[in-house]
Each structure stands twice: as C-alpha cells, then as structure tokens.
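Protein chains in written order, with my numbering: chain P, 1 to 182; chain U, 183 to 364.
Ideal placement from N, C-alpha and C gives every residue a C-beta, glycine not left out.
What follows is one structure encoded as structure tokens, with my remarks underneath.
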C-alpha cells in the first residue's frame, strides 16, 4: 500500500514490492501469483481499513470524510480507478471482486440513506434509486480529479451532490441572501 | 469501431483491425503506431458521430437518448471506460486527450444546463456545480452497468439523476398517488 501510494499503479512492480517487504520475488509470487491479485488484496485491505475507521454504519457525513481522506491518497485512488475499469474486460481476474464489491457498496449506501432519510429522500428518490447514483458520483469524480486535480475539488463536488439528495427539504434557499455565518 | 463493438477492448488486436480494414499490419501501424493511438481515434470518431447526431446543442433529453444508445453498444462503452481510467496513470499516451475531453464535456454540460434551467437549477446548484456531477454519474453508471448489466439499468438511473437535478420544482410528488397515465 505504501509503494502504490508513493508510485501509483503503473510504477509499482512486483520486484519493488518484494524488496520493500523483505521477500524474494519468488516468495512474493507464492502469495500473489500476479500483479492483479496483489492489487486486489491491497484494495481489500483498504476497504477493511476504511470500514474499521468508520463508525458502526456509514452516514453521509462519514462518507464525506472518506472523500476528504481519499483526496490525500491519489496513488490508492488511482489503483482503484484503473483496476475497477480494467475489470470490466473479458475474463479479468479482478472482475468477480469488483462485481461483488459494487453490489455490497450499493447495499450499504442504500442502508445508510434509509437510516438517515427514511423510505423517500427529500429529493424524491428511494434509497435504492439513490445508491447507484451516489456510488457513480464517487467513482466519476475520482476519475475527473485524477486527470485534473487543479480543476476538480472532489470534496466540494461531493457535498454539492449530497445537498442535491437532500435539497427537497429546503424551500428556495433565498437567492442572493448570504447566510449570516461563514 | 465495428471490431471493438463486437469483441470489446481486450480482444481487439491491431492484427484483426488491419485484416478487417484490408491493410497490412505495417500499413495500419503507419497510421496508428500503438493500440492506444488507434483507440483514441475510435473514441474521437464516436464523439464526432454522437455530436453530429445531436441537435445544435445538448439538452437533458438528448443526453438521455445518448445513454439509451450507449446501452446498445457495450463494446465501445467498455473501451471508453478502460481507456479513460488507464489514462490517469503516469505518462499515458491518452492522458492529454481525456484531460481536454473532460474539460470540454463539462463545459458543454454546463452550457446545456444553463440554457435549460438558467443560473440556478431547481435543486439549487449552479450549472458549473452540476456539470461535473452529471459527467461523473454518466461515467460511474457505465462502470456499474458493464460489471452488472442485470442489476443496473443506466437509462432509468440517469433519468433518476435528472429528476434530482430538477426536483426543487416539485412540491412533494404525493406519495402513493400513481400518475393516471403510463
């Protein structure tokens, strides 16, 4: 995870990982026969880590913290983005991992939205309708941010999306009237 | 474009493209020295094609038609998804293409949203705030759909997102009351 964070997806070689871990390359290959299998294990470890850092269940504010955190670790976000997209190709070794991960994440997000908003979100969607959109926004913003970090602020854009999900509550925010506090 | 539509990203080889185009492999390499350069040209051709098929400017309903159309051509969507994500890695040959494409697409989307909704969308966002979210939703839904086409209906999910962008207009749709038609 350190190496990927430092060097990104393409420049992380199995040889460099073996060296950093104090293993022979053959010793590493015994545990991870391909670069893909190593990277999937890294992403699984990140998921466990993030889940352990989060409270019992996701909420939109802990998600926002996760987006802020991801903005500090582009190497890992890059690895996730490249590998997830690559997994859609035929017979990719990480396909099963991502397919089941996306199902699980959509499920968790729907659960989190239901706990926070009930059966209908203020904007009018059900939790099951909003969950794939929320996941799409997270992934899509990461891609735009990785390509153009000066132009795209993931954290602000994600907060805009959350405001949209919850925007039905507000009756016209009063155009031109700035809030009293900063 | 035919071959990619039929076979997808990974199984489209330069040799197969040369054969289909009636060129020697060397003749093809003269025009496209790498597979990436060929694929970028294919995506550029798709963009010109889609733009030619659209009316003078994008509107949310023509975007919806484009999502419906993309659902019929998974090979091209797959190629776009894999190549766009891959382009975030260091010194990738397609990086400049995607960086400028994303800027252009965000610009077009902001323009389209402004023409349709004015300076503030019903959900409360400005066109410039909504545009990266709209692009993120398009890309993120494609990824989820490619992995799990049975589970994810891109067209329906995209319409849900558009409803969210426009949802501030509606005052509670009346839960449980079904519309008369449909």
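Looking at the secondary structure, which residues open and close the alpha helix (DSSP H) in which residue i lies?
| i | result |
| --- | --- |
| residue 250 of chain U | 242-252 |
| residue 337 of chain U | 336-347 |
| residue 294 of chain U | 277-299 |
| residue 188 of chain U | 184-193 |
Determine the burial state of residue i: buried for a count of at least 16 other Cβ atoms within 10 Å of its Cβ, exposed for fewer.
| i | result |
| --- | --- |
| residue 129 of chain P | buried |
| residue 12 of chain P | buried |
| residue 197 of chain U | exposed |
| residue 215 of chain U | exposed |
| residue 297 of chain U | exposed |
| residue 202 of chain U | exposed |
| residue 262 of chain U | buried |
| residue 250 of chain U | exposed |
| residue 104 of chain P | exposed |
| residue 107 of chain P | exposed |
| residue 300 of chain U | exposed |
| residue 123 of chain P | buried |
From the DSSP output, in three-state form, read off residue i for me.
| i | result |
| --- | --- |
| residue 48 of chain P | helix |
| residue 182 of chain P | Residue placement at residue 182 of chain P is poorly supported in this model, since its pLDDT is 36, which falls under 50; the coordinates still yield a value, given next. Note: residue 182 of chain P maps to coil in three-state DSSP. |
| residue 321 of chain U | helix |
| residue 86 of chain P | helix |
| residue 16 of chain P | helix |
| residue 355 of chain U | Annotation note: pLDDT 38 at residue 355 of chain U (below 50); position unreliable, coordinate value reported separately. DSSP places residue 355 of chain U in coil when its eight states are reduced to three. |
| residue 332 of chain U | coil |
| residue 41 of chain P | helix |
| residue 315 of chain U | helix |
| residue 123 of chain P | coil |
| residue 213 of chain U | helix |
| residue 76 of chain P | helix |
| residue 24 of chain P | coil |
| residue 128 of chain P | helix |
| residue 36 of chain P | helix |
Taking a contact to mean a Cβ-Cβ separation below 9 angstroms, would you say residue i touches residue j in this structure?
| i | j | result |
| --- | --- | --- |
| residue 17 of chain P | residue 28 of chain P | yes |
| residue 102 of chain P | residue 268 of chain U | no |
| residue 313 of chain U | residue 325 of chain U | no |
| residue 8 of chain P | residue 78 of chain P | yes |
| residue 372 of chain U | residue 248 of chain U | With chain U covering only 183 through 364, there is no way to say anything about residue 372 of chain U. |
| residue 154 of chain P | residue 134 of chain P | no |
| residue 84 of chain P | residue 139 of chain P | yes |
| residue 270 of chain U | residue 146 of chain P | yes |
| residue 218 of chain U | residue 10 of chain P | no |
| residue 186 of chain U | residue 258 of chain U | yes |
| residue 97 of chain P | residue 44 of chain P | yes |
| residue 160 of chain P | residue 346 of chain U | no |
| residue 162 of chain U | residue 234 of chain U | What the structure shows of chain U is the stretch from 183 to 364, and residue 162 of chain U is not part of that stretch, so it cannot be assessed. |
| residue 228 of chain U | residue 183 of chain U | yes |
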